[in-house]
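> My structure is below; once you've seen it, I'll send some questions.
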Amino acid sequence: MDIDFSKYIGVYGTGYVIKKATLSKNELQVETKIEGNQLIRPTEVKMLENTIFDIASLTKSFTAIIIYKSIEEGLINLDDKVKYIDNRFVNLDDVRIKDLLAHQVELWTNGYLGSANTREEFLSMMYNIQIKSRNKIYVDAHYIVLSLLLEKIYSCPFHQIVDDIIIKKVGMDDTSFKPKDLSRVASTNYEIVNGELIDSIHSGIIHDNKARRASELGMNVGHAGVFSTAADMLKLLVCFIDDKYTLLSKKSIETMLTREDYSDFIKNILNTYATENSIEMPSVLYGINEMYEYITQRCNDKKDLLSKIPFCYNNFGTRYKQPIKEKSELSERVSDNSIIFSGFTGPTFMIDFDRKMIIIVMTNGPHCIVRNSELKQLPKKLIREIYDGESF
56 MDIDFSKYIG
66 VYGTGYVIKK
76 ATLSKNELQV
86 ETKIEGNQLI
96 RPTEVKMLEN
106 TIFDIASLTK
116 SFTAIIIYKS
126 IEEGLINLDD
136 KVKYIDNRFV
146 NLDDVRIKDL
156 LAHQVELWTN
166 GYLGSANTRE
176 EFLSMMYNIQ
186 IKSRNKIYVD
196 AHYIVLSLLL
206 EKIYSCPFHQ
216 IVDDIIIKKV
226 GMDDTSFKPK
236 DLSRVASTNY
246 EIVNGELIDS
256 IHSGIIHDNK
266 ARRASELGMN
276 VGHAGVFSTA
286 ADMLKLLVCF
296 IDDKYTLLSK
306 KSIETMLTRE
316 DYSDFIKNIL
326 NTYATENSIE
336 MPSVLYGINE
346 MYEYITQRCN
356 DKKDLLSKIP
366 FCYNNFGTRY
376 KQPIKEKSEL
386 SERVSDNSII
396 FSGFTGPTFM
406 IDFDRKMIII
416 VMTNGPHCIV
426 RNSELKQLPK
436 KLIREIYDGE
446 SF
């Protein structure tokens, strides 16, 4: 199957580097596709296989890996409370490591981290972070807390921990928080947000506001900020499907893929929505998808209902086949043992553990576009197309 890349290039991202890898009979078979440009303004620069991308939230996967490494080393446990590890987090005496990994609690800072004037102010906001609710809400702060805990555990800066435990061990030569060869960095500059042109995100500057501010203040944090290539990301992800690599134990990988049961949480959301919209529910409905279909047939805005249902996360902080089928980002053909994760800037990966297949899409979504939340779904749509086809 040939993929029509014209549907994607210039719509979200000016170019793509894609890798599809399958492990068969202990041999890794890799297909690569390169399309478009890494830069179109002020000049055109072709996309290369070794183009470096700001991977944004995929940084969280690095943080999660190191958390599991520290568990293997006996330094912490998944059920440890944050304040038990670092008592500077004065309000997090009832939040576990696993709550942060899987986004099981809503946290709130008194002030915006991206506007912190000093390192001390940034850290003060974090150490005084509070529980806003027990709702299962995806927030970057979870992984900022985790990275600060790792600095406490290992007594060194987060970027050094990432370098020592992941980058050097895996051989990710083009991966860092500060890329050296700026000529190879895919631009995320010239995005139009609320009618305003953003033209300050030059090559090598982190796109995420909070991670960028942390970097300006002399530190790196665990939710965003890493730059990498498609080839380096493949090196990392292969460690999860090929037994000859020992980045993490099988037990750790199995634990990472476990997840909480979201059924009751989603049922409450659906029942609340039905009540607020005067939809009378029958006495017996057997599952959340049946409830969802019943409500959507009677509500005025199906998209509004879908937006109120959160994505569900496992203990690796990645998404999987969602309980509400219409919410799922993965192909219907993937095994139940599959995950997908994406960064705001476009880079996205999926792994089907049963088929031992990895698909990586690297792109520079914000470059020369008007911000549109629906466009961010395009890399995931592309992954579905690639998965469902025999080749690309």
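The letter at position 246 of the sequence shown is residue 301 when you use our numbering, and the numbering goes up by one with no holes.
Just so it is clear, CB atoms sit at the ideal spot from N, CA and C, and this is done for glycine as well.
Among 266, 213, 61, 90, which one has its Cα closest to the Cα of residue 70?
If we check each option's Cα against that of residue 70, 90 comes out closest.
> What span of residues does the beta strand (DSSP E) with residue 92 cover, start to end?
82-94
> Report yes if the C-beta distance between residue 196 and residue 400 is below 7 Å; otherwise report no.
no
> Could you check where the alpha helix (DSSP H) with residue 200 kicks off and where it finishes?
196-209
> Suppose you measure from the CA of residue 141 to the CA of residue 307; what does that come to, to the nearest Å?
Distance between the alpha carbons of residue 141 and residue 307: 23 Å.
> Residues in its own chain within less than 7 Å of residue 319 by CB, not counting five upstream and five downstream?
none
> May I ask you to verify whether the segment 240-249 touches the segment 415-434, counting CB pairs closer than 8 Å and requiring at least 3?
yes
> Applying the criterion that 16 or more other CB atoms from any shown protein chain within 10 Å of the CB defines a buried residue, is residue 338 buried or exposed?
exposed
> Rounded to a whole number of angstroms, what is the C-alpha to C-alpha distance between residue 411 and residue 79?
Roughly 8 Å separates the two Cα atoms.
> Given this structure, state the Cα-to-Cα distance separating residue 56 from residue 147, to the nearest angstrom.
Confidence is the limiting factor: at residue 56 the pLDDT is only 47, short of 50, which leaves the residue's position unreliable and the question unanswerable from this model.
> What separation, rounded to the nearest whole angstrom, lies between the Cα atoms of residue 355 and residue 366?
Each residue's Cα considered, the two are about 22 Å apart.
> What is the rounded straight-line gap between the Cα of residue 234 and the Cα of residue 374?
28 Å
> Here's a check: name, in chain order, each residue in its chain whose Cβ is nearer than 7 Å to the Cβ of residue 72, leaving out the five neighbours to either side.
So the qualifying residues of the chain are 89, 102, 104, 106, 285, 417.
> In this structure, what does DSSP give as the bridge partners for residue 404?
According to DSSP, residue 404 bridges with 396, 415.
> The alpha helix (DSSP H) with residue 437 in it runs from where to where?
433-443
> With residue 292 as the anchor, note down where its alpha helix (DSSP H) starts and where it stops.
285-293
> For residue 368, which residues does DSSP report across the bridge?
374
> Helix, strand or coil: which one does DSSP assign to residue 191?
coil
> Measure the alpha-carbon distance for residue 186 versus residue 60 and round it to whole angstroms.
43 Å
> Can you grab the Cα-Cα spacing for the pair residue 168 / residue 314, in whole Å?
29 Å
> Applying the 10 Å Cβ sphere with the 16-neighbour rule, what's the burial state of residue 262?
Buried: at least 16 other Cβ atoms inside 10 Å.
> With H, G and I counted as helix, E and B as strand and the rest as coil, what does DSSP make of residue 130?
coil
> Flag this pair as yes or no: are the beta carbons of residue 115 and residue 159 separated by less than 7 Å?
Result no, Cβ atoms of residue 115 and residue 159 do not sit closer than 7 Å.
> Which residue or residues does DSSP assign as beta-bridge partners of residue 321?
In the DSSP output, where bridge partners are listed per residue, residue 321 has none listed.
> Could you tell me whether the Cβ of residue 281 comes closer than 7 Å to any Cβ of chain D?
Checking the listed chains, one finds no chain D in this structure; it contains a single protein chain.
> Can you give me the start and stop residues for the alpha helix (DSSP H) that residue 176 sits inside?
174-182
> Can you say whether residue 427 is buried or exposed, counting buried as having 16 or more other CB atoms within 10 angstroms of its CB?
By the neighbour-count definition (other C-beta atoms within 10 Å, threshold 16), residue 427 is an exposed residue.
> Whole angstroms are fine: how far does the CA of residue 329 sit from the CA of residue 277?
38 Å
> In whole angstroms, give me the CA-to-CA distance for residue 299 and residue 335.
56 Å
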